[in-house]
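A quick write-up on the structure given underneath.
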Amino acid sequence: MRTSTALRGTLTLASAAMLALGLTLPAAASTTDPSDEETASLQRALRSGRPLLGWTIALDPGHNGGNSADPAAINQLVSDGRGDLKPCNTVGTATASGYAEHEFNFDVAERLTTHLERLGATVVLTREDDESVGPCVDIRGRFAVDADADLMISIHANGSLNTTTEGYFAIVADPAISESQGEPSLSLADDLLGALADGGFTPSTAVEDALSLRSDLATLNFARRPAVMLELGEMRNPDDAALMESEEGRQAYADAIAAGILTWTEDNEPRD
Ligand SMILES: [Zn+2]
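The sequence shown begins at 1446 in our numbering and counts up by one.
Next up, the structure:
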């Protein structure tokens, strides 16, 4: 009995949402089965609260907590995706007080996962914990296709030695060696940068227009889906470090990234 009451409540809510959104179709426009139109309208109404339904989003929290204890594994050479070799992975950077980049990246990715799932997305991560080793950068890059994701965001923080350098920037593979690395990745980067600016974060004081085009990052080179690496801030800069070390700061980073993804998905379609 509780189930049927709940179901009636859901349907009433859905009907109210349809009315509020003006989704009922005029009878005169009907050339197909009205019940199909009703189903489509209902689906649109239900989706209105979960705009990322149908999207699979890959998140790549950079580095890993176990990397520093296994140099042999992370120093093995792997393909960079353009014919050269580079180390499997690195240990990443840290703030002056010792807060590690891998921990920051993983925490933001977890917060972002929660946010995106609430919006209806399916979220897949290149690593499931912050204590393991790797995966290597070529595996991270291939992950977007292997996990059948529609897009991928690699989450990092930068470690410029100059402590006055601050702010976020995005990195896109360039020159493009796949369709996904051209306009799709650039427009995704643009929407993410816009959302970080809207979130009140400081754009990089070292990278022009907060956009870096690079040919040497295997994670981006191997990606065959729209992919952007975000350097969310400078860990050695005191202001950025204070933000990264605070839960509020990390939540704000995650919320801004979610907003950027949402903007990009409004102009694009998920793969079937
Ligand atoms: Zn990093």
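Note that the Cβ used here is the ideal one computed from N, Cα and C, for glycine as well.
Please read these numbers as outputs of a predicted model, since none were measured by experiment.
**Item:** Of the listed residues 1570, 1595, 1671 and 1515, nearest to residue 1558 (C-alpha basis)
**Value:** Numbered from 1 along the sequence shown, position 113 holds the residue referred to as residue 1558. With distances taken between Cα atoms, residue 1558 lies closest to 1570.
**Prompt:** Are there 16 or more other CB atoms within 10 angstroms of the CB of residue 1609, so buried, or fewer, so exposed?
**Reply:** The residue labelled residue 1609 in the question sits at position 164 within the sequence shown. By the 10 Å Cβ count, residue 1609 comes out exposed.
**Request:** Following the continuous beta strand (DSSP E) through residue 1568, name the residue where it begins and the one where it ends.
**Result:** Taking the sequence shown and counting its residues from 1, the one referred to as residue 1568 is at position 123. First-last of the beta strand (DSSP E) with residue 1568: 1567-1570.
**Prompt:** Cβ atoms of residue 1560 and residue 1675: under 8 Å apart, would you say?
**Reply:** Translated into positions along the sequence shown, residue 1675 becomes position 230. Translated into positions along the sequence shown, residue 1560 becomes position 115. No.
**Request:** Can you tell me the Cβ-Cβ gap for residue 1496 and residue 1565, rounded? I've got them flagged as a contact below 8 Å.
**Result:** Stepping through the sequence shown from its first residue, residue 1496 is reached at position 51. Stepping through the sequence shown from its first residue, residue 1565 is reached at position 120. So it is a contact: roughly 6 Å between Cβ atoms.
**Prompt:** Within the present structure, is the beta-carbon of residue 1548 separated from the nearest heavy atom of ligand 1 by less than 7 Å?
**Reply:** As a working mapping, residue 1548 is identified with position 103 in the sequence shown. Answer for residue 1548: no, Cβ out of range of ligand 1.
**Prompt:** Which partner residues does residue 1502 have in the DSSP bridge list?
**Reply:** As a position in the sequence shown, residue 1502 is number 57, starting the count at 1. Paired residue(s): 1568 and 1596.
**Asked** Among residues of its own chain, excluding the 5 on either side of residue 1511, which ones have a beta-carbon nearer than 7 Å to its beta-carbon?
**Response** The residue labelled residue 1511 in the question sits at position 66 within the sequence shown. Result list for residue 1511: 1576, 1577 and 1578, in chain order.
**Prompt:** Buried or exposed: where does residue 1671 fall if 16 or more other Cβ atoms within 10 Å of its Cβ makes it buried?
**Reply:** By one-based count along the sequence shown, residue 1671 stands at place 226. Residue 1671 is buried by the Cβ-count criterion.
**Request:** Leaving out five residues on either side along the sequence, give the residues of the same chain with a beta carbon under 6 Å from the beta carbon of residue 1567.
**Result:** The residue you call residue 1567 lines up with position 122 of the sequence shown. These residues qualify, in order along the chain: 1501.
**Request:** Would you mind sorting residue 1611 into buried or exposed? The rule is 16 or more other CB atoms within 10 Å of its CB.
**Result:** For the purposes of this step, residue 1611 is taken as residue 166 along the sequence shown, with counting starting at 1. Flag for residue 1611 reads buried.
**Asked** Excluding sequence positions up to five away, which residues of its chain have a Cβ less than 8 Å from the Cβ of residue 1530?
**Response** Counting from one through the sequence shown, the residue named residue 1530 turns up at place 85. These residues qualify, in order along the chain: 1522, 1523 and 1524.
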